[in-house]
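Heads up, the sequence shown is in the numbering used here, so the first residue is 11 and it goes up one at a time. Take a look at the structure below.
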Amino acid sequence: MRKLTVLIALAGCLLMASSAMATLPSPANSTCVFSVTSASPCADADAVWIHDGSKDQLAINVTVHNGLDAPLAGCAVRLDVSATADPNASVASSISLCGSTGGTATFYDTTDANGAAAFSLTGGGCGAVSLTWTVTAMCAVPEVQLCSATQALCVKSTDFTGDLTINFFDTFKYLPMLNAASGYCGDLNCSGGDVSFFDTFVYLPSLSSAASCVGDVLPTATLTACP
Ligand SMILES: [Ca+2]
Ligand SMILES: [Ca+2]
11 MRKLTVLIAL AGCLLMASSA MATLPSPANS TCVFSVTSAS PCADADAVWI HDGSKDQLAI
71 NVTVHNGLDA PLAGCAVRLD VSATADPNAS VASSISLCGS TGGTATFYDT TDANGAAAFS
131 LTGGGCGAVS LTWTVTAMCA VPEVQLCSAT QALCVKSTDF TGDLTINFFD TFKYLPMLNA
191 ASGYCGDLNC SGGDVSFFDT FVYLPSLSSA ASCVGDVLPT ATLTACP
């Protein structure tokens, strides 16, 4: 009888463990992949970012799996971002991140049937950015941190002033570079530093659409300079 009780208790434990393995997100089996969804591959910058996402976006694609390495659907996932920036001195401007306040931002998504969730970041301004991000699965108590990383990035934008809106103030930053026919930040089509009407063709749609987003200027820090 005692043996039977022990066996039943053991079976119960195993059942609970396997049910936990099925419902709990597993960091070891989950992945977070950082990439730049690039509409403008640039040799001298990681992204030409525009607030409306019409050019490049920083993407973090998450796949949440459980302890049995099966996709976990319907899991709420949070992306926490903190960032600092070192604006390119040639345009004497700021760098901003859409959705941020005081250098931090939080985004939410929920995994689909394949356990996939996705985030995309964009902003404005030209120069170096240090981006630290953490992905946390909220569908467990306590919640489970899945991944964390820090990226060093070089960005450019049609928002030369980095105030997250595109207007004549940006034109005032752009025109001297167009007149000089050179400038890292003004070289929006990444043609090796020269600024010409090809770059104006990249700039004008942003200006005419007055692309903008809600966000904040990133705190400045001394970062590895972008070319
Ligand atoms: Ca601007
Ligand atoms: Ca160019």
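Even for Gly, the Cβ is constructed at its ideal location relative to N, Cα and C.
_With a threshold of 6 Å (Cβ to nearest heavy atom), would Asn189 be considered close to ligand 2?_
Here residue 189 refers to the residue found at position 179 of the sequence shown. No, Cβ of Asn189 sits at least 6 Å from all heavy atoms of ligand 2.
*Taking Cβ to Cβ, would you say Ser92 is nearer than 7 Å to Asp66?*
For the purposes of this step, residue 92 is identified with residue 82 of the sequence shown, where counting begins at 1. For the purposes of this step, residue 66 is identified with residue 56 of the sequence shown, where counting begins at 1. Not in contact: Ser92 and Asp66 (Cβ atoms no closer than 7 Å).
*Sequence-distant residues of its chain with Cβ nearer than 7 Å to Tyr213 (five each side left out)*: In the sequence shown, counting from the first residue as 1, residue 213 sits at position 203. These residues qualify, in order along the chain: Thr168, Tyr184, Leu198.
_To test your reading of the DSSP string, which unbroken beta strand (DSSP E) runs of 3 or more residues are found completely within the region 36-71?_
41-47
_In whole angstroms, give me the CA-to-CA distance for Asp209 and Ser64._
On the sequence shown, residue 209 is found 199 positions in, with the first residue counted as 1. On the sequence shown, residue 64 is found 54 positions in, with the first residue counted as 1. Their backbone Cα atoms lie some 15 Å apart in a straight line.
*Can the beta-carbon of Asn177 be found less than 7 Å from the beta-carbon of Gly137?*
Counting from one through the sequence shown, the residue named residue 177 turns up at place 167. Counting from one through the sequence shown, the residue named residue 137 turns up at place 127. The answer is no: Cβ separation not under 7 Å.
*Compute the beta-carbon to beta-carbon distance between Ala128 and Val46, rounded to the nearest angstrom, for a pair I have assumed lies under 8 Å.*
What you label residue 128 is simply residue 118 of the sequence shown in a count that begins at 1. What you label residue 46 is simply residue 36 of the sequence shown in a count that begins at 1. Going by Cβ atoms, the distance from Ala128 to Val46 rounds to 14 Å, so no, they are not a contact pair.
*Give me whichever residues DSSP pairs with Val165 in a beta bridge.*
Indexing the sequence shown from 1 puts residue 165 at position 155. Partner(s): Ala57, Gly137.
*Write down the C-beta distance between Leu233 and Ser140 rounded to the nearest angstrom, noting that I regard them as a contact closer than 8 Å.*
The residue labelled residue 233 in the question sits at position 223 within the sequence shown. The residue labelled residue 140 in the question sits at position 130 within the sequence shown. Confirmed, Cβ separation roughly 5 Å.
*Element boundaries [alpha helix (DSSP H), containing Leu188]*: Taking the sequence shown and counting its residues from 1, the one referred to as residue 188 is at position 178. Run containing Leu188: 178-190, per the alpha helix (DSSP H) assignment.
*Which first and last residues belong to the beta strand (DSSP E) in which Thr175 is found?*
On the sequence shown, position 165 is the one that residue 175 refers to. It is not in any beta strand (DSSP E) - Thr175 carries neither H nor E in the DSSP assignment.
_Taking the alpha-carbon of Leu228 as reference, which of Tyr194, Gly133, His75 has the nearest alpha-carbon?_
For the purposes of this step, residue 228 is identified with residue 218 of the sequence shown, where counting begins at 1. With distances taken between Cα atoms, Leu228 lies closest to Gly133.
_Neighbourhood of Ala150 by C-beta distance below 7 Å, restricted to the same chain and skipping five residues each side_ = As a position in the sequence shown, residue 150 is number 140, starting the count at 1. For Ala150, where only same-chain residues beyond five positions count, the Cβ hits under 7 Å are Leu34, Pro35.
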